[in-house]
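Worksheet: the structure to be examined is printed underneath.
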Amino acid sequence: MEQPPNSSENLPADEKPEKSFGSKKSNKLAKTFRAAALGAVLVGTSGDRMKEKETWTDMKERARQELKTEGVTSEQKSGNIPGVNHLINKTITPANYALNWHELREMALHNLREGRQQLRPEREDAWRLYLGLAQKHDTFGISDFKPTKSKEDKYYFKINSFPNHFDSAGIQKILSDIEFKKKYPNNKSPTFDFETAIMGEYSWSKGEDEQGPYISYYDKWDLSNPVEKIGIVGKPFEIYDRIYYDPQTFEKISP
Numbered sequence: 001m002e003q004p005p006n007s008s009e010n011l012p013a014d015e016k017p018e019k020s021f022g023s024k025k026s027n028k029l030a031k032t033f034r035a036a037a038l039g040a041v042l043v044g045t046s047g048d049r050m051k052e053k054e055t056w057t058d059m060k061e062r063a064r065q066e067l068k069t070e071g072v073t074s075e076q077k078s079g080n081i082p083g084v085n086h087l088i089n090k091t092i093t094p095a096n097y098a099l100n101w102h103e104l105r106e107m108a109l110h111n112l113r114e115g116r117q118q119l120r121p122e123r124e125d126a127w128r129l130y131l132g133l134a135q136k137h138d139t140f141g142i143s144d145f146k147p148t149k150s151k152e153d154k155y156y157f158k159i160n161s162f163p164n165h166f167d168s169a170g171i172q173k174i175l176s177d178i179e180f181k182k183k184y185p186n187n188k189s190p191t192f193d194f195e196t197a198i199m200g201e202y203s204w205s206k207g208e209d210e211q212g213p214y215i216s217y218y219d220k221w222d223l224s225n226p227v228e229k230i231g232i233v234g235k236p237f238e239i240y241d242r243i244y245y246d247p248q249t250f251e252k253i254s255p
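Residue 203 in UniProt numbering sits at position 203 of the sequence shown; the count goes up by one each step and never skips.
Here you go:
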């Protein structure tokens, strides 16, 4: 049968419309996620440029105030595409990030209908912060410190409750682990955050300054790229803070 003039069968291959991957709802969800990549370009780093002239002290204080009043800092908020990131948060969790696009789409549609499984409050806040949304459980604060080797004047997040999980025995164990890894540098056994489930393979270090000896923890919170490759946006953030202790008793002390 002869096709009508406007039929896609008569169009060149590169002008034919994309085939549907399922329901209209599914296609709409897919387009929404992919639009995030374009939105990220539009958002850019304008927020960062606005803060270029801040001192490190001013930057920390401003970020603290933003966390207190808005639940998110302007740097993290710059990665939030209005509407898109809320939808991502509603339908996807970090545990789903390694799925391929088809599996991820099906999971998102299911969660959109049924509601997704809630994470631990601390991990929910980490996921929201990554997406540029306000934290809900006061999990994160702004650290007073930065790594001694850092050459950048930028703030780091801290986990407010993290020091509460370590007593003197715990601090001694961490110090022992640090020495072990220093003695055996080829030992690559990772450290996992069983205390708050926020950090993945994070690292411990030790040091001393005018306030005394301390142990410090560091992690970069991101999704290791699989999700980002299919158009889901977010802004990785870095976690760093220090726990000071008495060198005789190994009890925690306030800086």
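Where a beta carbon is used, it is the ideal one built from N, C-alpha and C, also for glycine.
Bridge partner(s) assigned by DSSP for Glu238 = Here residue 238 refers to the residue found at position 238 when the sequence shown is read from its first residue. Answer is Lys220, bridged to Glu238.
Please report the Cβ distance between Ser129 and Val72, rounded to the nearest whole angstrom; I am assuming they are in contact, meaning their Cβ atoms lie under 8 Å.
-> The residue you call residue 129 lines up with position 129 of the sequence shown. The residue you call residue 72 lines up with position 72 of the sequence shown. Rather than Ser, the amino acid found at residue 129 in this sequence is Leu. Leu129 to Val72, Cβ: 6 Å. Contact.
Opposing strand residues paired with Pro213 [DSSP bridges] | Against the sequence shown, residue 213 aligns to sequence position 213. Beta-bridge pairing links Pro213 to Glu208.
Closest by CA to Ser168, which one among Gly200, Leu119, Glu251 and Arg242?
-> By one-based count along the sequence shown, residue 168 stands at place 168. When only C-alpha atoms are compared, the closest one is Glu251.
Exposed or buried, what is Trp127 when buried is set at 16 or more other beta-carbons lying within 10 Å of its beta-carbon?
-> In the sequence shown, the residue the question calls residue 127 occupies position 127. It is buried - the Cβ of Trp127 has at least 16 other Cβ atoms within 10 Å.
Excluding sequence positions up to five away, which residues of its chain have a Cβ less than 8 Å from the Cβ of Lys253?
-> What you label residue 253 is simply residue 253 of the sequence shown in a count that begins at 1. For clarity, residue 253 is Ile in the given sequence; the question names Lys instead. These residues qualify, in order along the chain: Gly212, Tyr244, Tyr245 and Asp246.
Taking all protein chains shown into account, decide if Lys151 is buried (16 or more other Cβ within 10 angstroms of its Cβ) or exposed.
-> Numbered from its first residue, the sequence shown carries residue 151 at position 151. Its Cβ having fewer than 16 others within 10 Å, Lys151 is exposed.
Span of the alpha helix (DSSP H) around Phe180 | On the sequence shown, residue 180 is found 180 positions in, with the first residue counted as 1. Residues Ser168 to Lys183.
For Gln76, is the classification buried or exposed, using 16 other Cβ atoms within 10 angstroms of its Cβ as the cut-off for buried?
-> Residue numbering aside, residue 76 sits at position 76 when the sequence shown is read from its first letter. Counting Cβ neighbours within 10 Å, Gln76 comes out buried, since at least 16 surround it.
So, is Trp56 buried or exposed, given that buried needs 16 or more other C-beta atoms within 10 angstroms?
-> If you number the sequence shown from 1, residue 56 lands on position 56. Classification for Trp56: exposed.
Contact belief for Asp219 with Tyr202 at Cβ below 8 Å, rounded distance in angstroms = Working through the sequence shown from its first residue, we reach residue 219 at position 219. Working through the sequence shown from its first residue, we reach residue 202 at position 202. Sure, about 4 Å apart at Cβ, within 8 Å.
Thinking just about the alpha-carbon of each residue, which of Glu208, Lys158 and Lys90 is nearest to the one in Leu175?
-> Taking the sequence shown and counting its residues from 1, one reaches residue 175 at position 175. The residue among Glu208, Lys158 and Lys90 with its C-alpha nearest the C-alpha of Leu175 is Glu208.
Enumerate in chain order the residues of its own chain whose CB-to-CB distance from Ile142 is below 6 Å, with the five nearest sequence positions on each side excluded.
-> Numbered from 1 along the sequence shown, position 142 holds the residue referred to as residue 142. Closer than 6 Å at Cβ, skipping near neighbours: Lys60, Ala63, Arg64 and Tyr155.
Cross-strand partners of residue 259 (DSSP beta bridge) | Residue numbering for the chain in the displayed model covers 1 to 255; residue 259 lies beyond these limits and cannot be assessed.
For Phe140, is the classification buried or exposed, using 16 other Cβ atoms within 10 angstroms of its Cβ as the cut-off for buried?
-> Counting from one through the sequence shown, the residue named residue 140 turns up at place 140. Label assigned to Phe140: buried.
Can you tell which of Met107, Ser78 and Asp153 has the C-alpha that lies nearest to the C-alpha of Asp58?
-> Start at 1 with the first residue of the sequence shown, and residue 58 comes out as number 58. Closest option to Asp58, Cα to Cα, is Asp153.
Residues bridged to Phe192 by DSSP?
-> Here residue 192 is taken as the residue at index 192 of the sequence shown, counted from 1. Answer by DSSP bridge pairing, in chain order: Glu201.
Which residue from Asp138, Glu66, Phe192 and Pro94 puts its Cα closest to that of Gln118?
-> Position 118 of the sequence shown, counted from the start, is the residue given in the question as residue 118. From the listed residues Asp138, Glu66, Phe192 and Pro94, the smallest Cα separation to Gln118 is found for Pro94.
Is it the case that the CB of Ile253 approaches a heavy atom of the ligand GDP more closely than 6 Å?
-> Inclusion of the ligand GDP in the displayed structure is not the case, the ligand content being empty and no account of it being possible.
Apart from the five residues just before and just after Asp125, which ones in its own chain have a Cβ nearer than 7 Å to its Cβ?
-> Within the sequence shown, the letter at position 125 stands for residue 125. Counting only Cβ-Cβ distances below 7 Å, and skipping sequence neighbours, we find Gln135, Lys136, His137, Thr139 and Phe140.
For Ser78, which option in Ile159, Phe166 and Leu133 has the closest C-alpha, if you only look at C-alpha atoms?
-> Here residue 78 corresponds to residue number 78 of the sequence shown, with the count starting at 1. The shortest Cα separation from Ser78 among Ile159, Phe166 and Leu133 belongs to Leu133.
Exposed unless 16 or more other CB atoms sit within 10 angstroms - verdict on Thr148 = For the purposes of this step, residue 148 is taken as the residue at position 148 of the sequence shown. An exposed status is given to Thr148, since fewer than 16 other beta-carbon atoms sit within 10 Å of its beta-carbon.
Could you tell me if Phe157 is buried or exposed, where buried requires 16 or more neighbouring beta carbons within 10 angstroms of its beta carbon?
-> The count along the sequence shown starts at 1 and reaches residue 157 at position 157. Burial call: buried.
Candidates Glu70, Pro82 and Tyr217: which alpha carbon is nearest Glu195's?
-> Residue 195 sits at position 195 when you count from the first residue of the sequence shown. The candidate whose alpha carbon is nearest that of Glu195 is Tyr217.
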